[in-house]
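Q:
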Amino acid sequence: MHRRQLTSWFILFGPPLGVSSYKLMAYNAFISYSHTADGTLAAAIQSALHSFARPWYKLRALHIFRDQTNLAVNPALWSSIRDALDQSLYFILFASPEAAASPWVAKEAEYWIGKNGTARVLIVLTGGTLKWDHLASSFKSESTNSLPPSLLPSFPEEPLFLDLHWARDGVTHLRMREPRFHEAVLQLAATLHNRPKDELDGTDIRIRRQNRLLATSGLIAILLTALFALRQARLSHEESIQNLAASLAANSSKVLADSPDRAHEAALLAIESNRLNPSFEGNQALRAAVSLLPASAHVYPPEDSDPTERIRDMAFSPDGSILAVARDDGSTQLIDVVNYKPLGFFEADEHPAARIEIPGDPQGASLDNNSAVSVAFNSSDSLLATGTRDGIAHVWGLPGGRELLRIAHGAPVSQVAFRPKANQLVTASDDGHVRVFDVARAVLVADFKCPGKMVSASFSPGGDLLAALSSEGVVSLFDPVHRKLLRTLIGGEAAFNLAFSTSGKRLATSSGDFAFVWEANTGRQLLRATHAASSETLTPMQWIYNAAITSDGKLLAYAARGDNLAHVWNVETGRQILELKHDSAVAAVSFNADGTKLGTGSYDGTARVWELPSGRELERGSLGGSAEVVAFSTASGRFAAGGGEGSVFVSETRRADRPAYFDLPADVRSVAFSPDGRRFAIATRSANWLSLVRIADIDGKVLRDIEFQGAPVIDQLFFPDPNEVIAQWSNKLFLIVIDSSSVIPLAEVSGEMRIDPSGKALAAQHDGVSRLYTLPGLGQTTSVDGTSSALLRTADEGRLLAFGTTKPPNEFSIDIWSVASKARVSRIQLPAELTRLAFNSAGTILFTAQSENLQAWDIPSGKQRFSLTASGDIDLIACDPSSASFATVTHGRLTVWDATTGARLAQLPDVGYLHSAAFSPDGRYLLTGYDERAAALWLWRSSDLRDQACARLTRNLSHDEWNRWFPKQPYRQICPNLPATN
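This is the structure:
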């Protein structure tokens, strides 16, 4: 250490405790010792002196020189030692026989005494003996063996030495907690610090306490800092997880909107979003995606990727169990859609049972193309026919597949169809002929010549009309019985297809620049639809080329080139009511049997099902390439789509988030679940305008439709037990026994009446007195005096009673009474006049609403849990029997909230103006009733929506998709039930 450094050291920290002035020294003491005998002890003493009475801000209390800790490798050992001796204030000599024999100890001691005398020599006796001769005033040489001989006469008077013989016994621990060692260090330190022992010892104790306090404080500070850092890290991690979940929910919605063929990917992203951090946004994204996933969907790929596998036509068997598929390669495939397996292909027999050869003019068309362009079942499921462009119509017997009839036309065949309830087949061909054949007799029974090439032909559902459409846009209507032309209808510039309504009274055609609807019996034009501006006509690149009509003939749908839309028109009003958007041109349209759904296929690779008349998308299936053919089964409701690359998509059109849906004769006023959750009831009116209660099970199966008189409408429904329903209209009550379908009027109760959610108790208020009755017997149990209130509610099977009170001018409150004790248990002050009031079933939470503002209160404490503001006036509060959540209805839209925090959890789709709602006993389902004559059973929890999604999905994310959304994260199967995808 340089002198400048020493000066700075003393300026900063001062001299050792108690030393007021002396020369600047680098060391407080120099230890001279025998390495062999006292190396361990010297090190312990040095360390103890460094730490004894050391303030927290100093590195050491004293600076003690010991060669093994202070000397570095150098070429002049003695010079280094001598410099250290010159810079030391004291000389500590560890006296022992080994030290007496050490030349280095002797040399160091002689140099010190020769220069400084013995005044600052401190002797520590570690071995041997020291004997002082009082007469000679020196150490006795004959009895002193612990000092170098040269030092024996050096001391003018007897020194007080420190005896540490015991420290070399190998047993005693050389640490400050050892009393003898502590005392030894204290003796040396007192001299070196120039302070009394007791004072220095007290200072050491105080400093150690201070140091411990500081150390503890420092440790606490470190721990607090670490805890804070850990908490911040956790919060940061949670925030990053929340941000990732929010991003996934947003991306799920974006993928669903921007990429119609990636609904599966959108669903998987939404599932992962809810796994990471359940949220309202994640729930909505998951619902939007899962609602489009097809039910029981199966895709049947082509046998190879040959372009001739392209699908040209499809037809369901009358019972809906078999799908026939006509392909470009001339083959006809049968698929068992009930058991999900392809049955094989029908091919021409080498020797058919019968043949008919018809000469004809191909009108310039080639017969080299054997594409199968039309396929049809007869009404008894015993025959299947196909028409091909090589001029052949095949008729096979079912189920064996024997070719019963082969009809060779002289021109390409464009369509085949069977006459209902008869073994007659009609064919349309390019030679301008429409021909009718008797299949059983293998004879031609009618031949109608039309202008131009024949594009399409079909019998009416009753079989009493035959319609044919020519390439010139002319519709010809024939009487197939009397085999005569009835009338012709002049359509557009081209022609593509025609379709009858189920009644046979209306006929739709797609004719290029227009789609028409005609009255079949009279030929009157009912609708001429086009999406062209009034002053324009459609060019061939915009032509309408596929049309469909509903079973009742009231809606027309068509597909056109170039605008990516399916157009839906109301035939009665003559106005377009919907435009249903795809991401590419729409190729085909088809209505289901009752006209409540429209299927569309598009060149964007998707087949979709839409709800009518709302236009909400119900289902989305993906095919490779394009979806050019769509069809519904009239029997089973299954939906099928055929792709340009040969795949067939088949599904059941059921929303995954809506297990049951009911069309009803009138608006729905009330709904309720049975206590066991296995049944539910829906209140509406019948077609006869009588009160109607529909009973269904949780699977959506209708068990009973029970009509009764005595109430124009039903306000509320309650289940006292699984087999009984209480229906309320005003102050009239009816007991409905489900198993017997009987309805029993109950005695009238006067006053404002409210039934407990359990259905087992009734409260009626009249002239300020609330009377409690049991249900269904209506035996009065007790009465409670109180203020009259229009908002009266009971809970806990009638054990609690709540009603609103108003004290002029602007004091509003809720009183909660215990019915058993007839005592008020709580009063809750409200900020405004009460508009809605509801208890949870257990009576532990009370919900109050004033217009759009809602509060939740703990009962009986009256402490507010939370408050929230809805998007509008709250019309209904529905409580989850499990008390975990509750729902509000605002502007006919239902929202589910957390009953603990008030956080928004879910929102049901806007499928109509919602009038009533009820939770199932386990809180899993929501039953809703609508003004639009419908009721629905919904799943709303994200966990249930996830399960539905995983049940309908066919694969997980591929590794490429995973890496796109979750870079640097190991691949994981989002749906455990589905295999990992390469």
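In my numbering, the protein residues as written are 634 to 1615.
Even for Gly, the Cβ is constructed at its ideal location relative to N, Cα and C.
What you are looking at is a predicted structure, and each value in this text was computed from that prediction instead of being measured.
Which runs of the alpha helix (DSSP H) spanning at least 4 residues fall entirely within the stretch 839-924, listed in chain order?
A: Runs of the alpha helix (DSSP H) inside the stretch 839-924: 896-909, 913-923.
Q: Provide the residue span of the beta strand (DSSP E) that contains K1230, from first to last.
A: Within the sequence shown, numbered from 1, the residue matching residue 1230 stands at position 597. Judged by DSSP secondary structure, K1230 falls within the beta strand (DSSP E) whose first and last residues are 1230-1235.
Q: Inspect the CB distances between the stretch 1335-1345 and the stretch 1277-1286 and report whether three or more fall short of 8 angstroms.
A: no
Q: Measuring CA to CA, which of G1248, G1207, W1202 is closest to L1213?
A: By one-based count along the sequence shown, residue 1213 stands at place 580. Nearest of G1248, G1207, W1202 to L1213, Cα basis: G1248.
Q: If contacts are defined as beta-carbon pairs under 8 angstroms, then R1291 and A854 qualify, I think. What distance do you get, rounded to the angstrom?
A: If you number the sequence shown from 1, residue 1291 lands on position 658. If you number the sequence shown from 1, residue 854 lands on position 221. Not a contact, Cβ separation roughly 58 angstroms.
Q: With 16 as the cutoff for other CB atoms within 10 Å, does K1601 come out buried or exposed?
A: Position 968 of the sequence shown, counted from the first residue, corresponds to residue 1601. Burial call: exposed.
Q: In this structure, how does DSSP classify F646 when only helix, strand and coil are distinguished?
A: If you number the sequence shown from 1, residue 646 lands on position 13. Note that F646 scores a pLDDT of 36, beneath 50, so its modelled location is shaky; the value from the coordinates is reported in the next line. It is helical.
Q: What are the start and end residues of the alpha helix (DSSP H) that includes I944?
A: Reading the sequence shown from its first residue, position 311 is the one you call residue 944. Here I944 belongs to no alpha helix (DSSP H); instead the beta strand (DSSP E) covers 944-949.
Q: What separation, rounded to the nearest whole angstrom, lies between the Cα atoms of G1238 and F1552?
A: In the sequence shown, residue 1238 corresponds to position 605, counting from 1. In the sequence shown, residue 1552 corresponds to position 919, counting from 1. Roughly 39 angstroms between the two C-alpha positions.
Q: To the nearest angstrom, report how far apart L1110 and G1124 are at their CA atoms.
A: In the sequence shown, residue 1110 corresponds to position 477, counting from 1. In the sequence shown, residue 1124 corresponds to position 491, counting from 1. Counting only the Cα atoms, G1124 lies some 13 angstroms from L1110.
Q: So, is I944 buried or exposed, given that buried needs 16 or more other C-beta atoms within 10 angstroms?
A: By one-based count along the sequence shown, residue 944 stands at place 311. It counts as buried.
Q: From W1598 to E1565, what does the alpha carbon distance come to, in whole angstroms?
A: Counting from one through the sequence shown, the residue named residue 1598 turns up at place 965. Counting from one through the sequence shown, the residue named residue 1565 turns up at place 932. So the two alpha carbons sit approximately 41 angstroms from each other.
Q: Smallest Cα separation from H826: which of L682, A676, N1364, L710?
A: Taking the sequence shown and counting its residues from 1, the one referred to as residue 826 is at position 193. Minimum Cα distance to H826 is reached at L682.
Q: First and last residue of the beta strand (DSSP E) that includes G1275?
A: Locating residue 1275 in the sequence shown gives position 642, where the first residue counts as 1. Annotation for G1275: the continuous beta strand (DSSP E) segment containing it runs 1271-1276.
Q: Helix, strand or coil for R1427? Go by DSSP, reduced to three states.
A: The residue labelled residue 1427 in the question sits at position 794 within the sequence shown. Just to set this straight, residue 1427 is Thr in the shown sequence, not Arg. Three-state result, T1427: strand.
Q: Rank S1374, L956, Q1361, D1372 by C-alpha distance to the C-alpha of A1380 and give the top, closest one.
A: Within the sequence shown, residue 1380 is the residue found at index 747, counting from 1. Of the candidates S1374, L956, Q1361, D1372, the one whose C-alpha sits nearest the C-alpha of A1380 is Q1361.
Q: If you pair each beta-carbon of the stretch 1013-1020 with each one of the stretch 1049-1056, do three or more pairs fall below 8 angstroms?
A: yes
Q: Using DSSP with H/G/I as helix, E/B as strand and the rest coil, what is N703?
A: Translated into the one-based positions of the sequence shown, residue 703 becomes position 70. Of the three classes helix, strand and coil, the one that applies to N703 here is helix, per DSSP.
Q: S653: buried (16+ other C-beta within 10 angstroms of its C-beta) or exposed?
A: Against the sequence shown, residue 653 aligns to sequence position 20. Since pLDDT at S653 reaches only 40, below the 50 mark, its modelled position is unreliable, and the value read off the structure follows with that caveat. Exposed, by the Cβ-count rule.
Q: Hey, how far is the Cα of H931 from the Cα of S964?
A: For the purposes of this step, residue 931 is taken as the residue at position 298 of the sequence shown. For the purposes of this step, residue 964 is taken as the residue at position 331 of the sequence shown. Cα to Cα, the separation comes out at about 21 angstroms.
Q: Taking DSSP's pairing of strands, which residues face P1378 in a bridge?
A: Mapped onto the sequence shown, residue 1378 falls at position 745. Paired residue(s): F1367.
Q: Leaving out five residues on either side along the sequence, give the residues of the same chain with a beta carbon under 8 angstroms from the beta carbon of R1311.
A: Mapped onto the sequence shown, residue 1311 falls at position 678. Contacts found: D1330, I1331, P1355.
Q: In whole angstroms, what is the alpha-carbon distance linking T777 and F794?
A: Your numbering for residue 777 matches position 144 in the sequence shown. Your numbering for residue 794 matches position 161 in the sequence shown. Their backbone Cα atoms lie some 14 angstroms apart in a straight line.
Q: Is T673 helix, strand or coil by DSSP?
A: Walking along the sequence shown from the start, residue 673 turns up at place 40. Residue state, collapsed to three classes: helix.
Q: From which residue to which residue does the beta strand (DSSP E) around V754 run?
A: As a working mapping, residue 754 is identified with position 121 in the sequence shown. 754-758 is the extent of the beta strand (DSSP E) around V754.
Q: Under three-state DSSP, which class holds L1611?
A: To locate residue 1611, count along the sequence shown from 1; it is residue 978. Of the three classes helix, strand and coil, the one that applies to L1611 here is coil, per DSSP.
Q: Are T1439 and D1448 close, meaning C-beta to C-beta below 8 angstroms?
A: Against the sequence shown, residue 1439 aligns to sequence position 806. Against the sequence shown, residue 1448 aligns to sequence position 815. In this structure, D1448 does not lie closer than 8 angstroms to T1439 by Cβ.
Q: Assuming the contact rule is C-beta atoms closer than 8 angstroms, V1242 and G1228 should be a hit. Round their C-beta distance to whole Å, please.
A: Locating residue 1242 in the sequence shown gives position 609, where the first residue counts as 1. Locating residue 1228 in the sequence shown gives position 595, where the first residue counts as 1. Actually they are not in contact, since the Cβ atoms of V1242 and G1228 sit about 13 angstroms apart, beyond 8 angstroms.
Q: Measure the beta-carbon distance from H798 to G760 and round it to whole angstroms, keeping in mind my assumption that it falls under 8 angstroms.
A: Taking the first residue of the sequence shown as 1, we reach residue 798 at position 165. Taking the first residue of the sequence shown as 1, we reach residue 760 at position 127. Sure, about 7 angstroms apart at Cβ, within 8 angstroms.
Q: On the three-pair Cβ rule with 8 angstroms, is the stretch 957-974 touching the stretch 908-927?
A: no
Q: What are the boundary residues of the beta strand (DSSP E) that includes Q1175?
A: What you label residue 1175 is simply residue 542 of the sequence shown in a count that begins at 1. Looking at the DSSP string, Q1175 is not in any beta strand (DSSP E), and its letter there is neither H nor E.
Q: To the nearest angstrom, how far is it from the Cα of A733 to the Cα of L807?
A: Start at 1 with the first residue of the sequence shown, and residue 733 comes out as number 100. Start at 1 with the first residue of the sequence shown, and residue 807 comes out as number 174. One C-alpha to the other measures close to 24 angstroms.
Q: Use the C-beta contact count for E871: other C-beta atoms within 10 angstroms, 16 or more gives buried, fewer gives exposed.
A: Sequence index remark: in the sequence shown, residue 871 carries index 238 (1-based). By the 10 Å Cβ count, E871 comes out exposed.
Q: Between the Cα of A899 and the Cα atoms of A769, F913, L925, which residue gives the shortest distance?
A: Residue mapping note: residue 899 aligns to position 266 of the sequence shown, counting from 1. The residue with the shortest Cα to Cα distance from A899 is L925.
Q: Spatial neighbours of S684 within its chain, please: C-beta separation below 8 angstroms, excluding the five flanking residues on both sides.
A: Translated into positions along the sequence shown, residue 684 becomes position 51. The residues are R693, A694, M809.
Q: Provide the residue(s) that pair with G1254 in DSSP beta bridges, ordered along the chain.
A: Translated into positions along the sequence shown, residue 1254 becomes position 621. Answer by DSSP bridge pairing, in chain order: A1240.
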